[in-house]
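Enquirer: This structure is in structure tokens; I'll ask about it shortly.
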Amino acid sequence: MNQRFYVTTPIYYVNGSPHIGHAYTTVAADALARYRGLRGATTRLLTGTDEHGQKIEREAAKRGVPPQAFADEVSARFRELCPKLGVRPDDFIRTTEPRHIEGVQKWWRRCRDAGDLYKGTYKGLYCVACEGYKTEKELLPGGLCPVHERPVDTLEEETWFFRLSKYQDALLKLYADHPEFVQPETRRNEIVSFVRSGLEDLSVSRSNFTWGIPVPDDPGHVIYVWFDALFNYLTAVDGTAAMSFWPPDVQLVAKDIVRFHAVYWPAFLMSAGMGDRLPRTIWTHGYLLTGGRKTSKTPGVTAVKTRGTTDPVRIVDALGADALRYYLLREVAFGQDGEFSIQGIVSRARSELGETIGNLLHRALPFVGKYFDGRVPAVPAEALTEADTALRDRVTALVRESGEAWDAFSMHRALELTIDVARAGNRYFDDTAPWKLAKAGDVTRLGVVIAQVLEVVRIAAVMLSPVIPERSDALLHQLGLDPVAPAAGADQWPTAWGGLAAHTAVRPGAPVFPKLDAEAEARILASLDVRDEPLVSTETDKPMSDPTPTPAAATTPAAPAAPAVAETVAEIQYDDFAKVDLRAGRVLTAERIPRKDKLLKLSVDLGEASGPRQIIAGIALSFTPEALVGAQVVVVANLAPRDFGKGLVSHGMLLAAGPSDGLALGTFARDVPPGTRVK
Ligand code: ME8
């Protein structure tokens, strides 16, 4: 694997504050850099702000401030967003910095000296929001820009042209020889057909406004903002020690700007004498959508915010950077569009980080304290059973596959495989039933099981470190391990089983992914402007047999405690159904309640680390308490708690059918572990 890794984000326009779309690209770039760092590469992450051009000049004028002061203020917000998101750029470039201005003028001269810049008159259409030229046939009905759905300007001015047409064949050869140059495949095909259809020379200077880098030796012109902006990737390293990172390994962009990066940018570089050192991959991801539209800061494409704010700062303040980072990379296949929702952040963090990974750690740690003096038990090789080696083999295969997914920029898949690691650990925990081993006094076997489970947590924590660095360190800390520390040349991807040494002193602590109770969750969602719109379930891809227990906390605020049976019930979508958390449970105890003829007080095991739940069920006319003990039941696990008074709070509901004196309980044709999701 390449030992140097240079990744860039677009430099963002300073015409408005950062939103979740910017956070998406920046977090993805940071996670990729951290992943490559974990694999032993020396990495460099560049981000920054794009501050020149007519769009910024107009926006500043609207506010009555000089463009530089306006750019200073907004650029600072983008810069401050990085640490907020847990993003660690090695450099943050601003196009108004002298190093960039001088650099762009240098590369301009190179293109001019190569004979690729000439003067002429440009007559045509221009979208200021895109800062891009348009042709008649691209426009929407009414002459609107297809990206911004706003009227375009008609320009006629003296301008410098870049001989883009000259590079048509060289570009087609580049795409053919290096299919990895534009990814994914669909974008590559679009670019190839765009270039094949013929390239016209490009207007690369403007003379009807002044907010830009002056054209060398022609002060009446400023350099076209895309010629200016694209060179940032080079001016940030050129002439410094960081030039050893050149060329970029991957340049992340969304599909709105892929043409600038995959056509103009390599052509400019070829002209400037850098054709033999072109970026390796322009990787194009999709849009985060709000209400079905691209989240945007350009007026006219205002986000529909019923799914909550799109301000990443507010989201991080309420939910933490790691929850947002995890959601962004896990929720949407990298390369495709996806709907953004705050509720999705909460449910991903709960179901996958809390109930799967955190749960595995907190199920195993108490045994270490109680039976092994707080130290990881030793595992003699000869003590391993088939179940143990099967777990190792499965986890090792998942780690390898997940690494391959990272290498292919398939972060959502890499994370899914990471969660599968923890799921395998939870299944192993259920199957080997350490609580039974403890009860039977089989401490030797118990030690093997617990050590295996803790190793699974270690592996998952390391795999998660590029995405949730802070929480990953917290998991490792409780295992008694140091934070992940990348070292050049050392591949620390957890391909080898057994990194958690016997006798390591664990450090149990507060839950790494604390549960939100229903009230706290409702409060947080309201504070983030989430309105009562039906929200997309994010759990539809969980396997049918996932035995992961659910937390005691109910998650749907203000749901009715006992739905009335209606003759006809309105049709719902699968997503609505998926919001109901149905779990397999086992009744451990049942007792009558004085002066409440119809109610029974049950304790029901849902496989939760927090212990069995109390459920008050209106089934006393149909069942004696004795008949219920040991029964398998179907429990609505995310119903808001219902208070029957006098401390009788029900934390769930059983499913049953029939009249109240002749009820049949919903159950299963064969035993399933408590906590298994019913779908
Ligand atoms: O285009 N979904 O800046 P920009 C996903 N200055 N990503 C999104 C997004 C969304 N809804 N909205 C924005 C520019 N992005 C130029 C770039 S580079 C030399 C010059 C992300 O502020 C995505 O990366 O409009 C997109 O390409 C970029 O922000 C556009 O940012």
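The numbering of the sequence shown is our numbering, which starts it at 18 and goes up by one.
C-beta: ideal position from N, C-alpha, C; glycine also.
At the level of alpha carbons, what is the spacing between Gly308 and Glu356?
Expert: Roughly 7 Å separates the two Cα atoms.
Enquirer: Compute the minimum distance between the beta carbon of Pro27 and the heavy atoms of ligand 1, and state whether it is under 7 Å.
Expert: Checking the Cβ of Pro27 against ligand 1 gives yes.
Enquirer: Can you look up Phe95 in the DSSP assignment and give me helix, strand or coil?
Expert: The answer is helix: DSSP assigns Phe95 an H, G or I state.
Enquirer: Examine the Cβ distances between the region 397-409 and the region 480-489 and report whether three or more of them are shorter than 8 Å.
Expert: As far as the Cβ criterion goes, the region 397-409 does not touch the region 480-489, which means the pair count is below three.
Enquirer: In this structure, how does DSSP classify Glu536 when only helix, strand and coil are distinguished?
Expert: Residue state, collapsed to three classes: helix.
Enquirer: Helix, strand or coil: how does DSSP classify Phe244 here?
Expert: Looking at Phe244 - three-state DSSP - the assignment turns out to be helix.
Enquirer: Would you say the beta carbon of His39 comes nearer than 7 Å to a heavy atom of ligand 1?
Expert: Because some heavy atom of ligand 1 lies under 7 Å away, the Cβ of His39 counts as near it: yes.
Enquirer: What's the gap between the Cα of Pro500 and the Cα of Arg56?
Expert: Each residue's alpha carbon lies about 15 Å from the other.
Enquirer: Can you check DSSP and say which residues form a bridge with Arg392?
Expert: The partner list for Arg392 (beta bridge, DSSP) reads Ala522.
Enquirer: Any heavy atom of ligand 1 closer than 7 Å to the CB of Leu247?
Expert: Yes; taking the cut-off as 7 Å, the Cβ of Leu247 has a heavy atom of ligand 1 nearer than that.
Enquirer: Rounded to the nearest angstrom, how far is the Cβ of Ala45 from that of Phe351, given a contact under 8 Å?
Expert: 7 Å between Cβ atoms; contact.
Enquirer: How is Leu499 classed by DSSP in three states: helix, strand or coil?
Expert: The sequence shown places Asp at residue 499, not Leu. Three-state result, Asp499: coil.
Enquirer: Can you tell me whether Asp448 is buried or exposed? The criterion is at least 16 other CB atoms within 10 Å of its CB, across all chains shown.
Expert: Looking at its Cβ environment, which holds fewer than 16 other Cβ atoms inside 10 Å, Asp448 is exposed.
Enquirer: Could you check how far apart the C-beta atoms of Thr301 and Val267 are, in whole angstroms? I think they sit under 8 Å.
Expert: With a Cβ gap of about 11 Å, Thr301 and Val267 do not count as contacting.
Enquirer: By Cβ distance below 8 Å, which residues in the same chain neighbour Ser224 in space, the five residues on each side in sequence not counted?
Expert: So the list reads Glu174, Glu175, Thr176, Gly237, His238 and Val239, once near-sequence residues are dropped.
Enquirer: Looking at ligand 1, does it come within less than 7 Å of Lys72, judged from the CB to the closest heavy atom?
Expert: No, the Cβ of Lys72 stays beyond 7 Å of every heavy atom of ligand 1.
Enquirer: Please report the straight-line C-alpha distance between Gly679 and Leu619, rounded to a whole angstrom.
Expert: Going by the C-alpha atoms only, they are around 19 Å apart.
Enquirer: Helix, strand or coil for Ser214 per DSSP?
Expert: Coil.
Enquirer: Please report the straight-line C-alpha distance between His36 and Thr42, rounded to a whole angstrom.
Expert: So the two alpha carbons sit approximately 11 Å from each other.
Enquirer: So the candidates are Thr373, Ala601 and Gln360; which of them puts its Cα closest to the Cα of Ala539?
Expert: Ranking Thr373, Ala601 and Gln360 by Cα distance to Ala539 puts Gln360 first.
Enquirer: Got a sec? Which residues, its chain only, sit under 8 Å from Val695 by beta carbon, not counting five neighbours each side?
Expert: Leu599, Arg600, Ala601 and Val651.
Enquirer: At what residues does the beta strand (DSSP E) containing Phe39 begin and finish?
Expert: With the sequence shown as reference, residue 39 is identified as His, and Phe is not the correct amino acid for it. Here His39 belongs to no beta strand (DSSP E); instead the alpha helix (DSSP H) covers Ile37 to Leu55.
Enquirer: Glu153 and Pro163 look like a contact to me (Cβ under 8 Å); what is the Cβ gap, rounded to whole Å?
Expert: The pair is not a contact, with the Cβ atoms about 12 Å apart (cut-off 8 Å).
Enquirer: Taking the straight line between their C-alpha atoms, what separation do you get for Pro383 and Glu90?
Expert: Their Cα atoms are separated by approximately 51 Å.
Enquirer: Measure the alpha-carbon distance for Val646 versus Ala439 and round it to whole angstroms.
Expert: C-alpha separation (whole angstroms): 31 Å.
Enquirer: Pick helix, strand or coil for Asn32, following the three-state DSSP scheme.
Expert: Here Asn32 sits in coil by DSSP.
Enquirer: If I'm right that Thr26 touches Leu269 with Cβ under 8 Å, what's the distance once you round it to whole angstroms?
Expert: At roughly 6 Å, the Cβ-Cβ gap stays under 8 Å, so Thr26 and Leu269 are in contact.
Enquirer: Does the Cβ-Cβ distance between Leu102 and Val349 come in under 8 Å?
Expert: It is not a contact, given that the beta carbons lie outside the stated cut-off.
Enquirer: What whole-angstrom Cβ distance do Arg409 and Trp514 have, given they're in contact under 8 Å?
Expert: So it is a contact: roughly 5 Å between Cβ atoms.
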